[in-house]
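Visitor: Under UniProt numbering, residue 478 is the last one in the sequence shown; the count climbs by one each step, no gaps.
Have a look at this one.
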Amino acid sequence: MSPVGLRESCPGFAGMFPTHAVNGGFGHAFLRRSRAVAMLRSRAQKPCSVLGRSTRILVRCSDANPTERYVVEPASPPNDAGDEQLQPVASASLSQATCWTLSGMTLKELENFVSGMGEKPYRARQLYKWLYRPPVASQVDDMTDLGKLFREALASSARLHALSLREVREAQDGTRKLVYQVDGDSPGAVESVLIPASGRNTLCISSQLGCAMNCQFCFTGKMGLQRNLTAAEIVDQVTLTKARYESPRQASTQISNIVFMGMGEPFQNLDNVLRALEILLDPKAMGLSHRKVTVSTSGLVPEIRRYLRETSANLAVSLNATTNEVRNWIMPINRKYPLEVLLETLREEYARDARRGDKVFFEYVLLGGVNDSLDDAKRLLRLIAHIPCKVNLIPFNSHAGSEFRPSPLPQMEAFRQYLHERGVLVTLRRSRGDDKMAACGQLGNPGIGRTPPRMRVPDAFQKVLGTAPLQTRRSAGA
Ligand code: SF4
């Protein structure tokens with residue numbers, strides 16, 4: 001192949017670059033990235049657009065073979081001027097190299113994106129609306145108020161969404177587990193749960209594929225962590241579910257509440273969660289009320305402080321125990337941030353002016369014989385004193401291989417009553433969707449990852465769980 005491959009494949013750039021080398025069949029040209037973009041814009045055969053971000057640029061011109069993609073990389077070996085090397089991307093890596101996902105982008109990011117294409121800022125506002133306001137576009141051609149050339153440029157360089165719906169499992173009580181396909185090499189799928197109730201519909205979404213926190217009562221925890229979800233993958237769970245189930249003429253179908261209580265510890269993926277929240281709460285995007293969006297954490301203290309400073313969405317803390325002994329066992333994160341540190345942080349943070357009027361939601365999964373006694377209720381009352389809060393008691397949802405069992409209903413009711421009579425805002429939730437593994441703590445697929453080790457059961461609870469002490473088991477098996 002001749003060193004003029006650039007010219008042959010894209011006549012608009014004939015004569016633009018002095019070609020210095022041929023490597024693997026590609027002609028290389030050395031020039032600074034900013035200079036490359038300027039040259040492409042000014043000298044390409046029209047119409048032509050250049051997408052620029054990071055180290056990648058996309059060149060699109062209007063001949064019969066219209067799209068040529070280039071990557072700008074540090075010159076190797078560097079030339080005298082320290083310039084960069086412009087080279088076409090190998091075809092095998094084209095989609096990876098240049099396919100932008102628009103979902104998950106904030107308005108500012110979309111403005112940068114369209115400006116890189118030589119488009120005016122109002123194009124970003126159009127895209128923003130199509131991405132997040134109903135009717136949400138599912139493909140570029142749905143965006144009928146965009147010019148044809150702009151749509152073509154978008155179609156060749158970007159996709160609108162990161163997820164696609166693979167499966168819906170509907171439980172007898174109307175709860176739906178939505179299984180979303182991710183692309184790339186990641187095993188597994190993103191799971192969300194739509195929980196209809198009279199007066200409100202709640203969507204429970206995931207922030208990670210799997211989870212690293214190893215809470216002992218949680219099915220997802222048995223997967224280990226596969227990876228963080230991108231902001232696009234978080235936002236898509238909301239936009240795609242809304243697009244599928246909401247009907248503009250039926251108020252009862254509107255998704256009113258979003259909770260980050262699906263797969264994953266949101267505060268281990270806080271940058272992407274905050275970016276998703278910006279889109280969920282922005283009135284020009286999804287426009288949800290900050291009081292209707294709740295993010296739940298197992299108790300990562302530094303991230304709690306950051307979260308409370310950077311967003312007005314609600315905070316939920318998954319508490320689940322009233323002693324460090326039990327919490328160290330069922331929620332290993334407690335070894336790093338013990339109960340007194342976690343609760344003192346909340347006391348301080350909610351005393352600050354900016355948070356006045358808000359309250360934290362304490363989630364408390366009732367495990368039979370482990371954390372559901374009246375002594376636990378008494379300790380809980382002391383622990384949460386002077387923290388503006390609401391306590392949500394959650395029945396344990398069994399899953400295969402779990403040594404825990406649900407607390408009996410009278411026990412749960414007595415626990416709730418004790419707190420209620422002492423002025424605590426408290427609810428006892430109903431289990432929803434457990435016949436389709438869609439209930440709290442039942443998401444995920446532990447088969448795809450390496451199961452993290454089980455924590456040692458404290459001696460005091462061996463009998464309750466029916467687990468013999470290690471020494472006894474060894475001698476019994478010998
Ligand atoms: S309860 Fe939440 S934080 Fe704990 S393992 Fe399950 S998904 Fe992770």
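Even glycine gets a Cβ: it sits at the ideal position worked out from N, Cα and C.
For Ser398, is the beta carbon positioned less than 7 Å from some heavy atom of ligand 1?
Guide: no
Visitor: In whole angstroms, what separates the C-alpha of Phe396 from that of Leu127?
Guide: So the two alpha carbons sit approximately 43 Å from each other.
Visitor: By DSSP's criteria, Ser192 is part of a beta bridge. Which residues make up the other side?
Guide: Leu178.
Visitor: Taking 8 Å as the threshold (C-beta atoms), are Ser296 and Ala316 in contact?
Guide: yes
Visitor: Where does Pro332 sit, in a helix, a strand or coil, going by DSSP?
Guide: helix
Visitor: As a quick check of your reading: which residues have a C-beta less than 5 Å from at least one non-hydrogen atom of ligand 1, in chain order?
Guide: Cys211, Met213, Cys215, Cys218, Thr220, Gly221, Glu265, Ser298
Visitor: Taking Pro248 as part of the beta strand (DSSP E), name the residues at either end of that continuous run.
Guide: From DSSP, Pro248 is part of no beta strand (DSSP E); its letter is neither H nor E.
Visitor: Determine the direct distance from the alpha carbon of Thr241 to that of Ala285, and round the result to whole angstroms.
Guide: 15 Å
Visitor: According to the neighbour-count rule (16 or more other Cβ atoms, all chains shown, within 10 Å of its Cβ), is Thr144 buried or exposed?
Guide: exposed
Visitor: Provide the residue span of the beta strand (DSSP E) that contains Pro395, from first to last.
Guide: 389-395
Visitor: If you draw a straight line from the alpha carbon of Asp375 to that of Gly188, how long is it in whole angstroms?
Guide: If I take the Cα positions, the gap works out to 41 Å.
Visitor: Is it right to say Asn371 is buried, meaning 16 or more other beta carbons lie within 10 angstroms of its own, or is it exposed?
Guide: buried
Visitor: For the beta strand (DSSP E) holding residue 547, just list the boundary residues, first then last.
Guide: Nothing can be reported for residue 547, as the shown portion of the chain is limited to 1 through 478.
Visitor: Are the Cβ atoms of Ser206 and Val190 separated by less than 8 Å?
Guide: yes
Visitor: Measuring only the C-alpha atoms, how far is Gly466 from Leu366?
Guide: Cα to Cα, Gly466 sits roughly 18 Å from Leu366.
Visitor: Taking the continuous beta strand (DSSP E) assigned at Val426, which residues delimit it?
Guide: 425-428
Visitor: Quick check on the DSSP output: the alpha helix (DSSP H) that includes Val360 runs from which residue to which?
Guide: Run containing Val360: none in the alpha helix (DSSP H); it sits in the beta strand (DSSP E), 360-366.
Visitor: Expressed to the nearest angstrom, what Euclidean distance is found between the alpha-carbon atoms of Ala44 and Glu119?
Guide: With a pLDDT of only 43 at Ala44, under the threshold of 50, the placement of this residue in the model should not be trusted; the figure read from the coordinates follows. Taking the straight line from one Cα to the other gives about 16 Å.
Visitor: In angstroms with no decimal places, state the Cα-to-Cα distance between His161 and Pro410.
Guide: 47 Å
Visitor: Note down the Cα distance separating Asp459 from Phe113, rounded to an integer number of angstroms.
Guide: 58 Å
Visitor: So, helix, strand or coil for Pro406, using DSSP?
Guide: The answer is strand: DSSP assigns Pro406 an E or B state.
Visitor: For Gly262, which residues from the same chain have a beta carbon less than 7 Å from its beta carbon, with the 5 sequence-adjacent residues on both sides left out?
Guide: Glu191, Ser192, Val193, Cys204, Ile205, Ser206, Leu443
Visitor: Just list the beta strand (DSSP E) runs in the segment 121-147, keeping only unbroken ones of 3 residues or longer that don't cross its boundaries, in chain order.
Guide: Listed in chain order, nothing qualifies, since the segment 121-147 has no complete beta strand (DSSP E) run of 3 or more residues.
Visitor: Considering only the alpha carbon of each residue, which of Gly287, Met412, Ile255 lies closest to Ser198?
Guide: Ranking the options by Cα distance to Ser198, first place goes to Ile255.
Visitor: Which of the three DSSP states, helix, strand or coil, is assigned to Asn201?
Guide: strand
Visitor: Buried or exposed for Gln250, going by 16 or more other Cβ atoms inside 10 Å?
Guide: exposed
Visitor: With a CB to CB cut of under 6 Å and the five nearest residues on each side skipped, what residues in its chain are close to Gln139?
Guide: Once the five neighbours on either side are set aside, Gln139 has no close Cβ partner at all.
Visitor: Which of the three DSSP states, helix, strand or coil, is assigned to Lys463?
Guide: helix
Visitor: Got a sec? Which residues, its chain only, sit under 8 Å from Leu381 by beta carbon, not counting five neighbours each side?
Guide: Tyr418, Leu419, Arg422, Val424
Visitor: Out of Val293, Arg125, Leu225, state which residue places its alpha-carbon closest to the alpha-carbon of Asn257.
Guide: Val293
Visitor: Gln268 to Cys211, Cα distance in whole Å?
Guide: Near 9 Å, if we compare the C-alpha coordinates of Cys211 and Gln268.
Visitor: How is Leu319 classed by DSSP in three states: helix, strand or coil?
Guide: coil
Visitor: Which of the three DSSP states, helix, strand or coil, is assigned to Val295?
Guide: strand
Visitor: So Val301 and Val341 are in contact, right, with Cβ under 8 Å, and what is the actual spacing, rounded?
Guide: 6 Å
Visitor: To which residues does DSSP link Thr101 through a beta bridge?
Guide: Arg159
Visitor: Could you tell me if Lys222 is buried or exposed, where buried requires 16 or more neighbouring beta carbons within 10 angstroms of its beta carbon?
Guide: buried
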